[in-house]
Amino acid sequence: MRNDSQRGASLRKALHASHSRHSPAHPASAGPLRGVNLAQERTPVSAELHNALDAFLTYAKPRFGRRRDDELVQAEKLLQPLANKQALSHKDLLTLLEASSVLEALARRKPEKAEKSKELRQRIDNFIGPAEDLARGLRHLGAQIEHRAAAKDITTYIKENYPGMVTTDPHTGKPRLTPKGAGQYNRIKQEFENTALNRTLIRAIASNMDDGDRAVQKIVDNTYRDYQNALRAPGQAPAAKYKLIECAGIIAGLTRASPEKVVKERYATVFPGGATHPSELVHGETSRENGFLFVGGERPSDHGYKMKVTLDKGYGVDARQYYGHSDAGDEKMQWLTLPGAQFRFDGIENASGKPTYLFSQVSR
Numbered sequence: 002m003r004n005d006s007q008r009g010a011s012l013r014k015a016l017h018a019s020h021s022r023h024s025p026a027h028p029a030s031a032g033p034l035r036g037v038n039l040a041q042e043r044t045p046v047s048a049e050l051h052n053a054l055d056a057f058l059t060y061a062k063p064r065f066g067r068r069r070d071d072e073l074v075q076a077e078k079l080l081q082p083l084a085n086k087q088a089l090s091h092k093d094l095l096t097l098l099e100a101s102s103v104l105e106a107l108a109r110r111k112p113e114k115a116e117k118s119k120e121l122r123q124r125i126d127n128f129i130g131p132a133e134d135l136a137r138g139l140r141h142l143g144a145q146i147e148h149r150a151a152a153k154d155i156t157t158y159i160k161e162n163y164p165g166m167v168t169t170d171p172h173t174g175k176p177r178l179t180p181k182g183a184g185q186y187n188r189i190k191q192e193f194e195n196t197a198l199n200r201t202l203i204r205a206i207a208s209n210m211d212d213g214d215r216a217v218q219k220i221v222d223n224t225y226r227d228y229q230n231a232l233r234a235p236g237q238a239p240a241a242k243y244k245l246i247e248c249a250g251i252i253a254g255l256t257r258a259s260p261e262k263v264v265k266e267r268y269a270t271v272f273p274g275g276a277t278h279p280s281e282l283v284h285g286e287t288s289r290e291n292g293f294l295f296v297g298g299e300r301p302s303d304h305g306y307k308m309k310v311t312l313d314k315g316y317g318v319d320a321r322q323y324y325g326h327s328d329a330g331d332e333k334m335q336w337l338t339l340p341g342a343q344f345r346f347d348g349i350e351n352a353s354g355k356p357t358y359l360f361s362q363v364s365r
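Under our numbering, residues 2 to 365 are what the sequence shown spells out, in order.
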């Protein structure tokens, strides 16, 4: 698993700029979202965008005796399938941004032709909306999914399916295995993982990937920091908006897996919520992690602060082959939280001689 020290100074600067660690657990409403709400699968086309799209496609049509610029041909090809749609999917939104980028390139190359696409480019920008609102929509989407999903864990599975193999400890009040349950635990655990859990699998061979795998791969390969930066410090660059819309597909890929309750280590230079130094942590304080948070899959060579993170709803990603891990056990699995997850700092544990910073995911 990559650690934050490998992600470069630019990410750390972005984290400082975002001040996400100061975000309240239940922030006051910032008003209605402007533009697209990524928590919705489809966005109705506004009259303004429809009219601008229609006018541009009329202008862009081939005409006898007129040589069309390559960018104009490309933009028309991208936009024509959207002309009669009443609502746009996330994939359609990416097409809109791609077409706008192509027309921007034409405007830079031939300023005298910029006016012909200016109206459409402006309407696309207004329709998509500010990057910070796209990021806010993703946090809403993450919250909706978490509220709907029931996390599965081995203890609940045994209680529901093998009630005779678990009892309640009279001293602690917590569940514990009976002697029969202890003898059957490994078998039941394997059964639980094979049937109750549907973990997202990132295949090592690209030809074996489906669309969901390819979406999730974007957040585990070397493009990771681009998505994290867009989520944590959106800015207004078109590229950031493109990444944020792609994040909706990444979330859809992740949530094919059932959420799990896990406690895993994390080595990183950034704490959940964005703090970069222990002095910034306040015991009992809850902060919001605007990006995805990875736990598990750590290696001894990883650098940064040692943390132990309890996830209430973590989405498992099996990227062991992708990272070259030979270990076949859960030790090299990774779990991700969805953007906007809330974490409470529970203090410091010094049992091993090195401080371990404790965090717990809490409901948002």
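Cβ coordinates follow ideal geometry from the N, Cα and C atoms, glycine included.
Quantities reported herein were computed from a predicted structural model and do not represent experimental measurements.
Quiz item: In terms of residue numbering, what span does the alpha helix (DSSP H) encompassing R140 cover?
Solution: Residues 132-149.
Practice problem: Classify P63 as buried or exposed, calling it buried when 16 or more other Cβ atoms lie within 10 Å of its own Cβ. | Solution: Burial call: exposed.
Exercise. Give me the Cβ distance between S118 and L97, rounded to the nearest whole Å; I'm assuming they're in contact under 8 Å.
Key: So it is not a contact: roughly 13 Å between Cβ atoms.
Self-check item: Burial state of I203 (16 or more Cβ within 10 Å)
Solution: By the 10 Å Cβ count, I203 comes out buried.
Quiz item: Going by alpha carbons, who is nearest to H91 out of Q237, L245, V221, V296?
Solution: Nearest option by C-alpha distance: L245.
Practice problem: State the beta-bridge partners of T311 as determined by DSSP. | Solution: Beta-bridge partners of T311 (DSSP): V264, S361.
Exercise. Please report how far the alpha carbon of M334 lies from the alpha carbon of R140, in whole angstroms.
Key: A direct Cα-to-Cα measurement between M334 and R140 gives close to 24 Å.
Exercise. Just tell me which of Q185, L83, S259 has its CA closest to the CA of P45.
Key: The candidate whose alpha carbon is nearest that of P45 is L83.
Quiz prompt | Host beta strand (DSSP E) of G348 (start-end) | solution = Here the beta strand (DSSP E) through G348 covers 342-350.
Practice problem: My understanding is that D347 touches S364, with C-beta atoms under 8 Å, so please give their C-beta distance in whole angstroms. | Solution: Going by Cβ atoms, the distance from D347 to S364 rounds to 15 Å, so no, they are not a contact pair.
Quiz item: CB-CB under 7 Å to Y186, same chain, minus the five flanking residues each way: which ones, in chain order?
Solution: For Y186, where only same-chain residues beyond five positions count, the Cβ hits under 7 Å are L178.
Quiz item: If I251 and V217 are in contact, beta carbons under 8 Å, what's the gap, nearest whole angstrom?
Solution: 6 Å between Cβ atoms; contact.
Quiz item: Since Y268 and H304 are thought to touch, with beta carbons under 8 Å apart, how far apart are those beta carbons, to the nearest angstrom?
Solution: The C-beta distance from Y268 to H304 rounds to 6 Å, short enough to meet the 8 Å contact threshold.
Quiz item: Looking at P176 and T196, is the spacing between their C-beta atoms short of 8 Å?
Solution: When the beta-carbon positions are compared, T196 and P176 stay at least 8 Å from each other.
Quiz prompt | For Y163, three-class secondary structure by DSSP | solution = Annotated three-state conformation of Y163 is coil, per DSSP.
Quiz item: Does DSSP put T380 in a helix, in a strand, or in coil?
Solution: Coverage of the chain is limited to positions 2 through 365, which leaves residue 380 absent and any answer about it impossible.
Self-check item: CA nearest to the CA of P33, picked from Q343, M166, E42, P131
Solution: In this structure, P131 is the residue among Q343, M166, E42, P131 with its C-alpha nearest to the C-alpha of P33.
Quiz item: Cβ of E120 within 7 Å of any heavy atom in the ligand COA?
Solution: The model on display carries no ligand, and the ligand COA is accordingly not part of it.
Quiz item: V296 and L282 look like a contact to me (Cβ under 8 Å); what is the Cβ gap, rounded to whole Å?
Solution: The Cβ separation is near 17 Å, so there is no contact.
Quiz prompt | Rounded C-alpha distance that separates E42 from T59 | solution = The straight-line gap from Cα to Cα measures roughly 29 Å.
Exercise. Classify D71 as helix, strand or coil using the three-state DSSP reduction.
Key: Helix at D71.
Practice problem: Go ahead and pull the three-state DSSP assignment for R233. | Solution: Per DSSP, reduced to three states, the secondary structure at R233 is helical.
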